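These protein sequences, in sequence, are chains V, H and L.
So the first sequence is residues 489 to 842, counted in my numbering.
So the second sequence is residues 254 to 1079, counted in my numbering.
So the third sequence is residues 1116 to 1353, counted in my numbering.
Positions of the beta carbon are idealized from the N, C-alpha and C atoms, including for glycine.
All values derive from a computational prediction rather than experimental measurement.
First comes the structure, then the notes that go with it.
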Amino acid sequence: MKGKALALHLTLLPAILLALFAGAACAQGFGGLGSDAPGFETPKPGAPVLFPKDHGAHEAFRTEWWYVTANLKGADGESYGVQWTLFRHALEPKSGAGWDDRNIFMAHAAATSAKEHLFAQALARGGVGQAGVESAPFKAWIDDWRFEASDNGFTKARISAKDARFSYDLTLTRDAPFVLQGEAGFSRKAETGQASHYYSQPFFTVDGTLVLHGRAVKVAGRAWMDREWSSQPLAPDQKGWDWFSLHLSGGEKLMLFRLRGARDYLSGNWIAPDGATRLLAPGDIALEPLSQSAVGGHYIPTRWRVQVKSRSLDIVTAPLNPASWNGGTSAYWEGPISFSGSQNGEGYLEMTGY
Amino acid sequence: MRQTLWTLAALLSHWRRHPANLATLVLGLAIATALWSGVQALNAQARKSYDSAAAVFTGGTAQTLVAARGGLFSQELFVRLRRAGVKVSPALEGVARIGKNDAGEKNVRLIGVEPLTLPRASTLAALSETKEATNILTGAGRSFAAPQTLHDLGLAEGARAKTERGFALPPLVATEDAPPGAVIVDIGVAQKALDKPQRLSRLIVAGDARVEAAQIAAVAGDEMRLVEADEESDLSRLTDSFHLNLTAFGLLAFLVGFFIVNASFGLAFEQRLPMVRTLRALGVSARALVAAIGVELLAFTLVAGGLGVLGGYLIAAALLPDVAASLEGLYGAQLSGRLSLDASWWLSGFAMAGAGALLAAGSGVTKTLRLPVLSVARPIAWREAHQRYLKRQGALAALALLGSAIAYRLADGLVSGFMVIALALLGAALLLPVALAATLRLGESLARGPLSRWFFADGRQEIAGLSLALMALLLALSTNIGVGGMVEGFRQTFLHWLDERLAAEVYYEAATPKDAREIEDWAKGDPRISAVLPIWRARTRISDWPVEIVGMTRHETYSAHFTLLEARPDVWRALFEEDVVLVSEQLARRLKLSLGDALDIPATSDVWRARIVGIFPDYGNPKGQLRFDHAKLAQHFSDASGVHYALRVAPADVASVMEELQRRYGARIARLIDNSGVKKISTEIFERTFTVTTALNTLMLIVSAIALFASLLTLSSLRIAHIAPVWAVGVARKRLAGLELARILLFSAGAATLAIPLGVFVTWGLVAIVNVVAFGWRLPMQVFPAQWAQVFIVALVTALVAAIVPALRLARSAPVDLLKVFANER
Amino acid sequence: MTASTVEDASTLDARTPAPLLRVVNLQKSYATPQGPLPVLHGVDLSLAAGATLALMGESGSGKSTLLHLVGALDHADGGNIFLDGVDIARLSENDRAALRRQTIGVVFQQFNLIASLTVAENLAFQARLAGRLDPAWQARLTHRLGLEALVARYPEQLSGGQQQRVAVGRALAVRPKLLLADEPTGNLDEAAGDAVMALTLELVAETGCAFLMVTHSARLAARLQRRETLEAGALARS
């Protein structure tokens, strides 16, 4: 039965971001993300990112997501990770009201401990209220999963999600301004011009409650929010990516990614504690897989050596749980990591297309 | 093993010498099996169709939520429940009429679903297998229907079906997963096609998440009702009685076939007794004999069962269109037109054949096995045995009749209703030989000449051999009279009632309520139209039964014509001035309501209490119906579909009014029909409903004729021993043959005579017990003597046809055959 | 033959060969509404292999009952029937059936052919049951009995004498050790009866089986080696 349902969703939503995770064999790179997007707007360099408007949905673009990952410490002394993600995908450029709305929402929620990785997925049509996004004050939801800001200034926010096995309800407090990734929010993804609009908020502090199998734990820690929208962010030959968000010592943050294509495309951003950013040149970054884990029937490099030469950063990352496999409609690896070397710290790693 | 084999060969060699006996045996068993399994196939097919209709949403296992008060509910409830974490998927069902390419149109069940949230177990999840699934939410979208449905609609894949409201459904895709008669579309498409924006009929709970009623109440208050997966669907509840009727017929038919088998087997075993004695003398052990007889029975089961199941398939296939049509006409249930049966059906057919063979052969087998090796072939003291037989028959008959009376007194269900009839039939059948014997005894005492005395005396001896066949004939005849009387009575009542019910001349249905208002305004201003009668409709549930609500306006159309079974004297005044309603007979019986009772009616937003001022007949409607003032309906049921209207027009103007409506409003009128058209449709449904009954009835009569024929044929060889002495003393063969024929006609006439009162009793049982329970209405009891005469003639013709061959054989038999009787010292 | 007793060798005269059939003090009565009716009380009889014996007596003297007991068609109330050294007087139903198949051939007054089988099938029937069909012997029997032209016919298409020849052939087809006949010519006219009798005796001599025939015809009895008469349930001393 389950297989049937999967097949339904897979065939129903072939052109969407889900398929981009769906398999490495995808001829168009990240499936739909690499395909043409006639009728949709494409990201343009220099287009300003405006708040609170850009917290909301960008329906002229085909795809976007609201992404929060949190590295947490429990009152029980254990380390935990939490993910809350909402994807929006437009099936067609023209969309109507109600059931004629052509937006599909998919959400992923996950909770990770050293022992287990729990994952849940939700799907919904846009237009009728089951799922949606509002910008001022910011509010994104699907069923009873929510991501809401307390006010237009986004000083505080709340994420919550619930599944039969786990749930969480976390309060995020903002310590610094939003950070524009790439060139003032224009993030290139390939030599051939593919790009997205991209901003982050890596400075959230978190506290709240995580419930695993009915056992509630008070948790506190740090969270990182990513916002990205585009219509065609990937080049045809790009098959997947490896994405790091790292909390460095001294309040600095580091975002790094590698898009795996005919030639790997590397990019990154060094973020100062006050939110000032410095774009890293591709040659400045070195990412080297050290060891692989077999997860969900795939071989995934779960330990990495990460170097930023200009900053003398040379670290080795280790997953909190190598089995951090989000085995939904589209499967990918997403989980908390820690690192040591020239610096010690923690962060999140996302790997797709393996 | 070797012993068993040779014993079997010897046993089977009997059939080689008696092929007619073999033929009747196999034919009897095959027919019995065929009638039974044919009926079962129809039932199985229907049940499968209901299940597949239900599985569209639930896969048969999930819970669903429906509006507590019946009808539709707001889509906003779906969103509220989802946002409270209750995993439900929305659906909207409705009926859309789709025009065929040629003349006429067909109702389809339009089902709107939401593919993203639909439970995985549902039938529709299988649609994912088709690549078309991709297109549900893009472009023009897709409609899904079973190939049979497409065929019925006269539409090809890719076509866009137009509904009566002029809405073009998305391009059609054929899929076996769609239930029969249904078209599946996206929920948004369904809301538009059915003109129910933002409305839903049902929420399906995702299969893996159980929901508690309290969870629902916390979000939706008392607006929603949780329906557990194992709750019977309305459809299967409503159609239960129909299927029980079919099953009863199947069983009766099996019984008649069984009589043939029993008679043939009895004869065969009787004839084989000397052989068995020889076999035992030659050293065949009892064990080998049992094994050989067992193998023989098994062979019969396989051959006759196989033929029977095949025949059953053919019967079912032949009757399926009529059954499907009557189920659709009566209950709106859609049956798949392609017969598909699973292994269990085939197996049960063989099992029934095996059980029948075993049962029919039972007494013969025991007799054979108990046969002492050395029993001397003594002429049986038949007179003594016959007396014992008659006494036993009489006692059993009394027991059966008593059982029938007890069933009548004790219970009031459908099953006990059938029990009353079945036991009475059985009792009468058992009584038949007793009655015939008494008649013959009377004849014997009155007879003067030696030949006529012999005629009666010998007849008594013949009864024992013919009794089963005569009993089968009696059953067939009386069922024929009984069912025929009920159907004819129903036809007359129904047609009269229909005339009254359809007092208005023109009926139409507007495409939308807005169109309806405009047409209404125009009609009110047209001089040819003397009255515009809105017949708005709504749905609710009372005590968990679906109830239709129909509005009425103050007009002589109703006060002068609308038939009431019971009513307050001032009913037509009260109906429009007080909080009162009329209830249908079905609803009144179901809820045990009577005149003056108060009834709580769940309305759209409240519960309305009204008093009952009248009860009206509503033949053929499986649902309950309430009728009351149009204004109150509009007030209490904001959900009401306000598109149905009737017009009073002078007969001469009907054509011109209809033509003008058509011309002015075109597609804005979804349906336009005059009362003769409605009558035609209604009577068609009626006729088809009883096609199956009539067909089974006729088959049964044929089978009983075969039974009689078989018995006479096999008996004729034994009869020679009785006739030869009479021939020897100087009665011509032709004379004897004539007497044989006369005797059979006398027997059949006796059976037919008994069949008349019995048939009237069956009619009464059907009208007064079965119909009331099965359908909720009671017809006036009527009898049709013309039918009796017909059946009487049929009985005599049947007997004549069955007896003519043996009689001719006797008339032409060679003297040497008759002499053998003496030569062989039988 | 589980419940049988083997004859004690010491009781036999060492000089004479052991008889094929030895009946010792045989008792049989039938239940009637008026109480048990004794039919046989203390019958003693023996028959050597290859010997022929006519059993005579009035109607009701018990000769048919004796034949049925010897033929393992019924069980005795007392006494013994040693057939080939084994007591068959009180065998189980199955063992008696086996004995009838294998060792004994019976010819009845009523022929008792199977009406639905052809002459050929009837002839072979018992031999087939016993698993002892010998086609050569079968052909020879058919020839000797003069049935060659009739093999495809059914019993009802034969005369009485022909039917009885089939019955004799069926009984001898198994090469029984003991052939029993119960008034075999009772239903035949004299000429036919004599012809059947002559054939039967020839074939008995040829097969070397013992032959016990019940008859009330002294003329027929005279053709057999020995004659015994039953009187009121016991052998009369002659």
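Outcome for residue 573 (chain V) when other beta-carbon atoms lying within 10 angstroms are tallied against a minimum of 16: When all chains shown are included, residue 573 (chain V) counts as buried.
Contacting residues, own chain, Cβ-Cβ under 8 Å from residue 566 (chain H) (five flanking each side not counted): 290, 291, 294, 592, 594
Below-8 Å beta-carbon distance, residue 526 (chain H) vs any chain C residue: No chain C is present in this structure, whose protein chains are V, H and L.
Buried or exposed (CB count within 10 angstroms, at least 16 for buried), residue 528 (chain H): buried
Beta-carbon proximity list for residue 794 (chain H), same chain, < 6 Å, skipping 5 on both sides: 323
Continuous beta strand (DSSP E) stretch holding residue 591 (chain V): start and end: From DSSP, the beta strand (DSSP E) with residue 591 (chain V) extends over 591 to 601.
Through-space distance from residue 1216 (chain L) to residue 1201 (chain L), alpha-carbon basis: 16 Å
Selected residue, minimal CA-CA separation from residue 634 (chain V), among V:674, V:686, V:776, V:593: V:593
Whole-angstrom C-beta distance between residue 622 (chain V) and residue 544 (chain V), which should lie under 8 Å: Residue 544 (chain V) to residue 622 (chain V), Cβ: 6 Å. Contact.
Partners in chain H for residue 1229 (chain L), counting only beta-carbon separations shorter than 8 Å: 263, 266, 528, 531, 532
Anticipated Cβ contact below 8 Å, residue 1324 (chain L) with residue 1293 (chain L), distance rounded: The Cβ separation is near 6 Å, so the contact holds.
Residue-chain proximity (residue 1268 (chain L), chain H), Cβ-Cβ < 8 Å: no
Presumed contact (8 Å Cβ cut-off) between residue 249 (chain H) and residue 1030 (chain H), rounded CB distance: Residue 249 (chain H) is absent from the structure shown; chain H starts at 254 and stops at 1079.
Closest residue to residue 798 (chain H) among H:330, H:767, H:841 (Cα-Cα distance): H:841
8 Å Cβ cutoff, residue 256 (chain H) in contact with chain L: yes
Within chain H, partners of residue 1142 (chain L) - CB distance below 9 Å: Result: empty, since nearest Cβ-Cβ is about 17 Å, beyond 9 Å.
Local conformation of residue 825 (chain H) per DSSP, three classes: In the three-state DSSP reduction, residue 825 (chain H) falls in the helix class (H, G or I).
Selected residue, minimal CA-CA separation from residue 815 (chain H), among H:775, H:863, H:867: H:867
Exposed unless 16 or more other CB atoms sit within 10 angstroms - verdict on residue 674 (chain H): buried
Candidates H:363, H:368, H:572: closest to residue 299 (chain H) by CA position: Closest option to residue 299 (chain H), judged by alpha-carbon separation, among H:363, H:368, H:572: H:572.
Rounded straight-line distance, which links the Cα of residue 558 (chain H) to that of residue 277 (chain H): 14 Å
Sheet register partners of residue 368 (chain H) (DSSP bridge): Beta-bridge pairing links residue 368 (chain H) to no other residue.
Residue 394 (chain H): contacting residues in chain V (beta-carbon distance under 8 Å): What residue 394 (chain H) touches in chain V: nothing, since even the nearest Cβ is about 10 Å away.
Cβ neighbour criterion (16 or more within 10 Å) applied to residue 909 (chain H): exposed
Given 8 Å, three or more beta-carbon pairs between the segment 894 to 906 of chain H and the segment 753 to 768 of chain H: yes
Chain-order list of residues whose beta-carbon lies under 6 Å from that of residue 544 (chain H) (same chain, five-residue window excluded): 257
Assumed close pair residue 688 (chain H), residue 1007 (chain H) - CB separation to whole angstroms, cut-off 8 Å: Indeed, because the Cβ distance is near 7 Å, the residues count as touching under 8 Å.
Same chain, Cβ closer than 7 Å to residue 632 (chain V), five either side skipped, listed in chain order: Result list for residue 632 (chain V): 650, in chain order.
Residue 571 (chain V) - partner residues in DSSP beta bridges: V:557, V:598.
Within the segment 424 to 454 of chain H, ranges of the beta strand (DSSP E) (whole runs, at least 3 residues): 425 to 427, 435 to 439
Contacts of residue 1094 (chain H) in chain V (Cβ-Cβ under 9 Å): A query on residue 1094 (chain H) cannot be resolved here, the shown segment of chain H reaching from 254 to 1079 and no further.
Straight-line gap, residue 1152 (chain L) to residue 550 (chain H) (C-alpha atoms, nearest Å): C-alpha separation (whole angstroms): 41 Å.
Endpoints, the beta strand (DSSP E) within which residue 397 (chain H) is located: First-last of the beta strand (DSSP E) with residue 397 (chain H): 396 to 398.
Short-range partners of chain H found in the segment 574 to 597 of chain V, where Cβ spacing is below 8 Å: Result list: 579, 580, 586, 587, 588, 590, 592.
8 Å Cβ cutoff, residue 442 (chain V) in contact with chain H: Because chain V is modelled from 489 through 842, residue 442 (chain V) falls outside the range shown and cannot be assessed.
Pick from H:818, H:723, H:408, H:476 that is closest to residue 682 (chain H), judged by C-alpha positions: The shortest CA-to-CA distance from residue 682 (chain H) to any of H:818, H:723, H:408, H:476 is the one to H:723.
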